[in-house]
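**Q** This is the structure I have questions about; it appears just below.
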Ligand SMILES: Nc1ncnc2c1ncn2[C@@H]1O[C@H](COP(=O)(O)OP(=O)(O)OP(=O)(O)O)[C@@H](O)[C@H]1O
Ligand SMILES: [Mg+2]
């Protein structure tokens with residue numbers, strides 16, 4: 001059974017149609033990257049997977065059942081710029097997730113539970129390479145370190161699904177490369193199912209198991225919001241697929257149209 005299944009999912013805001021007939025089946029442990037033009041509904045789709053938005057039509061299912069109507073611990077999200085708590089240290093920011101989950105009313109743990117939460121938080125922070133910064137405040141961290149902190153925060157609750165909305169979009173290329181290795185390592189270790197939006201097609205091709213292209217197949221120039229985007233291409237990719245990666249890497253200008261041509265070429269070549 002699929003972990004996530006979308007059947008003809010549509011999303012409408014007022015009279016603008018954002019998404020229409022989105023169909024998708026994703027198995028546990030997959031790593032999907034999402035690309036598409038700005039405003040085509042990628043974040044909206046992620047919010048439906050988080051549970052803060054509901055489909056206007058169609059069916060969205062988690063483990064074959066209707067999607068929970070609100071966020072829960074099974075799904076963690078990291079945004080491009082994450083607002084960690086500025087008055088808490090790195091360690092306290094990560095522990096907070098467990099404290100809020102463990103003690104709904106006080107938001108604090110005591111004794112053995114607190115020691116355990118601290119050890120868990122330290123272990124997660126080690127896995128994202130922040131052991132040396134446990135007592136620093138967010139303002140003292142670089143952009144890359146802040147995103148590592150955001151990822152650690154989302155992982156502490158051991159989500160089954162990790163949702164990443166352009167998490168590396170604001171980072172320098174060198175730091176991004178480090179973050180790619182980090183996220184691939186974390187994915188392999190935790191076997192979490194990942195959905196990651198990116199504006200960088202190279203990133204989309206390099207990371208993950210599937211590249212999902214969101215695009216509109218119908219346009220009405222007079223009413224640009226008359227039609228929504230769909231998943232127009234669902235391309236299996238992988239870190240090891242060097243040929244496609246190199247081809248993408250050498251291209252100077254890429255947009256979803258270029259991507260379609262490449263996907264068609266690849267399909268024609270039997271790849
Ligand atoms: N809460 C909302 N109310 C009304 N319209 C909304 C709402 N959220 C999103 N939209 C509209 O839905 C469309 C899709 O927005 P969304 O943020 O999902 O796009 P996106 O693909 O993530 O774009 P970007 O790449 O720029 O982040 C946009 O036209 C946006 O204005
Ligand atoms: Mg977005």
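Residue numbers (this note's numbering): 1 to 271.
The beta-carbon is built from N, C-alpha and C at its ideal position, and this holds for glycine as well.
Keep in mind the model is a prediction, meaning the values are calculated, not measured.
Using a Cβ-Cβ cutoff of less than 8 Å, which residues in the same chain neighbour residue 122 once the five nearest sequence positions on both sides are dropped?
**A** Residue numbering aside, residue 122 sits at position 122 when the chain shown is read from its first letter. Result list for residue 122: 91, 131 and 134, in chain order.
**Q** What's the C-alpha gap between residue 228 and residue 136?
**A** As a working mapping, residue 228 is identified with position 228 in the chain shown. As a working mapping, residue 136 is identified with position 136 in the chain shown. Going by the C-alpha atoms only, they are around 45 Å apart.
**Q** Can you say whether residue 148 is buried or exposed, counting buried as having 16 or more other CB atoms within 10 angstroms of its CB?
**A** Locating residue 148 in the chain shown gives position 148, where the first residue counts as 1. With 16 or more Cβ atoms within 10 Å of its Cβ, residue 148 is classed as buried.
**Q** Please specify which runs of the beta strand (DSSP E), each continuous and at least 3 residues long, are wholly inside the segment 109-172, giving them in chain order.
**A** 161-165, all fully within the segment 109-172.
**Q** Residue 200 to residue 119, Cα distance in whole Å?
**A** Translated into positions along the chain shown, residue 200 becomes position 200. Translated into positions along the chain shown, residue 119 becomes position 119. If I take the Cα positions, the gap works out to 36 Å.
**Q** With distance defined between alpha-carbon atoms, name the residue in 42, 182 and 75 nearest to residue 128.
**A** Residue numbering aside, residue 128 sits at position 128 when the chain shown is read from its first letter. Checked all of 42, 182 and 75; the closest Cα to residue 128 is 182.
**Q** Are the CB atoms of residue 10 and residue 56 nearer to each other than 8 Å?
**A** Within the chain shown, the letter at position 10 stands for residue 10. Within the chain shown, the letter at position 56 stands for residue 56. Yes.
**Q** Secondary structure at residue 97, three-state DSSP: helix, strand or coil?
**A** Numbered from 1 along the chain shown, position 97 holds the residue referred to as residue 97. The answer is helix: DSSP assigns residue 97 an H, G or I state.
**Q** Could you tell me the boundaries of the beta strand (DSSP E) in which residue 206 lies?
**A** The residue given as residue 206 occupies position 206 in the chain shown. Run containing residue 206: none in the beta strand (DSSP E); it sits in the alpha helix (DSSP H), 201-206.
**Q** Using 8 Å as the Cβ pair cut-off and three pairs as the minimum, do the segment 22-38 and the segment 69-76 touch?
**A** no
**Q** Return the CA-CA distance between residue 168 and residue 150, expressed in angstroms with no decimal places.
**A** Locating residue 168 in the chain shown gives position 168, where the first residue counts as 1. Locating residue 150 in the chain shown gives position 150, where the first residue counts as 1. Computed Cα separation, rounded: 11 Å.
**Q** Can you name the residues that DSSP bridges to residue 33?
**A** Mapped onto the chain shown, residue 33 falls at position 33. Paired residue(s): 196 and 211.
**Q** Within the continuous alpha helix (DSSP H) that includes residue 88, where are the two ends?
**A** The residue labelled residue 88 in the question sits at position 88 within the chain shown. Careful: residue 88 lies outside any alpha helix (DSSP H) and carries neither H nor E.
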